[in-house]
Amino acid sequence: MNLFETMTEHEHEQVAFCYDQASGLKAIIAIHDTTLGPSLGGVRMWPYESEEAALTDVLRLSKGMTYKNAAAGLNLGGGKAVIIGDPSIKSEALYRALGRFIQSLGGRYITAEDVNTTADDIMLIREETQFVSGMPEYVGGAGDPSPWTALGTLEGIRVTVAKRLGQHSLNGIRIAIQGLGSVGTALCELLHEEGAQLVVSDLQESRVQAMCENFGATAVSVDEIYGVETDVFVPCALGAVINDQTLTQFRCAAIAGAANNQLLDEHTHGPQLKARNILYAPDYIINAGGVINCYYEVIQENIPEIVTAKVKGIGDTLASIYDIAEKEDIPTHQAAARFAENRIKTIGKVRSNFLGHSQM
Ligand code: NAD
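Numbering (my numbering), first residue to last: 2 to 361.
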């Protein structure tokens, strides 16, 4: 990869390569854009097959955070960190070394949890830097983001159903949920309270069983879930679930779920959903509840009423994106990108007039 060419193409500001001999830390921090505020995004630990694969991932993920944070209306830019290594051999020294590198960036990057990084790991990073979020509530943090992600997803489903089916209640709406982890389980409960009919699948049989017993859900296998005849398919497990294989199976009116990176290839699969009249709620719009919660921790205003109002606002954001898509006759993922870019442009201009870029 020609690094500077790639940074130019995707407009990244900074890439920091972090190596600590004592702990064995090999990490990359990518700051994509700080127009709206300091960059925020989680730290992922993964046994990447090559350094290039790690670099590609961190560049892609940090750019995604810029769009997610901007569209959510937060005063945050986008960044991300990856640690190259086997997550089964983590150490205190490793995360503290990363904390020192984050501190050296002077607040341009704020970290959080991501794949294979837990709240306990964040507490280790915090030993070395204050630029962290996603801490447990007992130290004044915002706690588990999953219930907030579920709440935002519920609001997104509500707006999606209203737009696509013209129904303003979820009562009787058929919903197929893939993945019953932290978000999927919380979402099942919220949807059940609204009177939705649930069809569920998960690799873990006990989780499926619990949803059937608690919320009257119907179980299907992990392969069957794509083809269930339903109003909304709700991916809450894996990325890339909208692909050539699944597109021919879908029998839903809309897709609106919390999983990250649902479109395997946005250039082909986004337009194909539109062509099939399946309304797609762009993932980084509908699943922003967790990062909204982190933001209020960072600005030390994690007051449940304030966070709730902002997370519920995801519904209005999504409605605006559907309007843009309809008016311009473009797929919804493209409309979401335009919405985010427009906010960066307009608010960025205001901020540079009065404040300077790096202040929150
Ligand atoms: P989780 O790890 O708690 O749960 C994922 C669940 O999916 C597990 O129960 C797992 O068994 C199941 N699963 C895995 N493969 C499956 C398959 N092929 N079919 C059916 N089920 C399968 O994760 P989570 O925190 O609930 O997050 C769910 C998704 O939402 C992820 O894609 C995550 O990146 C995304 N997300 C989560 C948050 C959050 O706040 N937790 C925020 C934004 C996005």
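Note that beta-carbon positions come from the ideal geometry of N, C-alpha and C, so glycine has one too. Quick caveat: nothing in here was measured; it's all calculated off a predicted structure.
Tell me, please, which residues DSSP counts as bridged to residue i.
| i | result |
| --- | --- |
| E230 | R252 |
| I29 | F18, V83 |
| T219 | V200 |
| M46 | I84 |
| G78 | S40 |
| P236 | Q179 |
| D34 | G79 |
| I243 | L264 |
By Cβ distance, which residues of its chain are closer than 8 Å to residue i, with the 5 residues on each side in sequence left out?
| i | result |
| --- | --- |
| I126 | V44, Y96, R97, L99, G100, I103, T112, V133 |
| S24 | S92, A94, L95, R97, A98 |
| T57 | M2 |
| V16 | L4, M8, I29, I30, A31, I32, L56, V59, L60 |
| I345 | D34, T36, L37, T67, A71 |
| Q205 | L181 |
| P48 | I85, G86, D87, P88 |
Below 6 Å CB to CB, which residues in the same chain sit around residue i once its five sequence neighbours on both sides are set aside?
| i | result |
| --- | --- |
| V184 | S147, T150, A151, C237, A259 |
| T219 | V200 |
| Q168 | V162 |
| E138 | G144 |
| A341 | Y68, A71, A72 |
Would you check if the distance between the CB atom of residue i and the CB atom of residue j is smaller than 8 Å?
| i | j | result |
| --- | --- | --- |
| I256 | L37 | no |
| V221 | V200 | yes |
| P39 | G141 | no |
| H33 | G74 | no |
| V223 | I176 | no |
| L181 | R159 | no |
| I287 | G173 | no |
| L264 | H334 | yes |
| I85 | A28 | yes |
| L41 | M66 | yes |
| L248 | H268 | no |
| T130 | M46 | no |
| L171 | A197 | yes |
| E195 | F216 | no |
When the Cα of residue i is compared with those of the options, which residue comes out closest?
| i | options | result |
| --- | --- | --- |
| A241 | S51, T309, Q179, L199 | Q179 |
| K275 | I345, Y110, I243 | I243 |
| V299 | A177, N215, G135 | G135 |
| R1 | V160, G173, E230 | Because the chain spans 2 through 361 in this model, residue 1 falls outside it and cannot be assessed. |
| I322 | C213, Y285, A310, Q301 | Y285 |
| Y68 | T57, R352, S353, A336 | A336 |
| L106 | D317, E14, L166, E214 | E14 |
| E225 | D58, Q246, Y20, D330 | Q246 |
| S63 | T35, W47, E52 | T35 |
| G157 | E6, A282, A197, I331 | A282 |
| T318 | I307, E302, R339 | R339 |
| N278 | V351, Y20, T161 | T161 |
| A310 | G290, A320, A326 | G290 |
| G316 | Q301, A72, P137 | A72 |
| E50 | Y297, N76, A82, D87 | D87 |
| D266 | P332, Y110, P48 | P332 |
| E52 | V83, Q22, L77, N76 | V83 |
| N76 | N262, Q273, I293, E128 | I293 |
Taking 7 Å as the limit between beta carbons, can you name the residues of its chain near residue i, skipping five residues before and five after?
| i | result |
| --- | --- |
| E114 | G43, A120, I123, G135 |
| D203 | G180, L181, V209 |
| Q250 | Y227, G228 |
| C295 | L41, A113, S134, G135, A143, P146 |
| R165 | A254, A255, L280 |
| H358 | Here H358 scores only 49 on pLDDT, less than 50, and its place in the model is too uncertain to base an answer on. |
Output the residue ranges of the alpha helix (DSSP H) runs that lie fully inside the segment 110-189 and measure 4 residues or longer, sorted by chain position. 120-127, 147-166
Going along the chain, which unbroken runs of the beta strand (DSSP E) with 3 or more residues stay wholly within the segment 252-317? 252-256
Identify every run of the alpha helix (DSSP H) within the segment 326-355, keeping only runs that are complete inside it and at least 4 residues long; order them along the chain. 333-355
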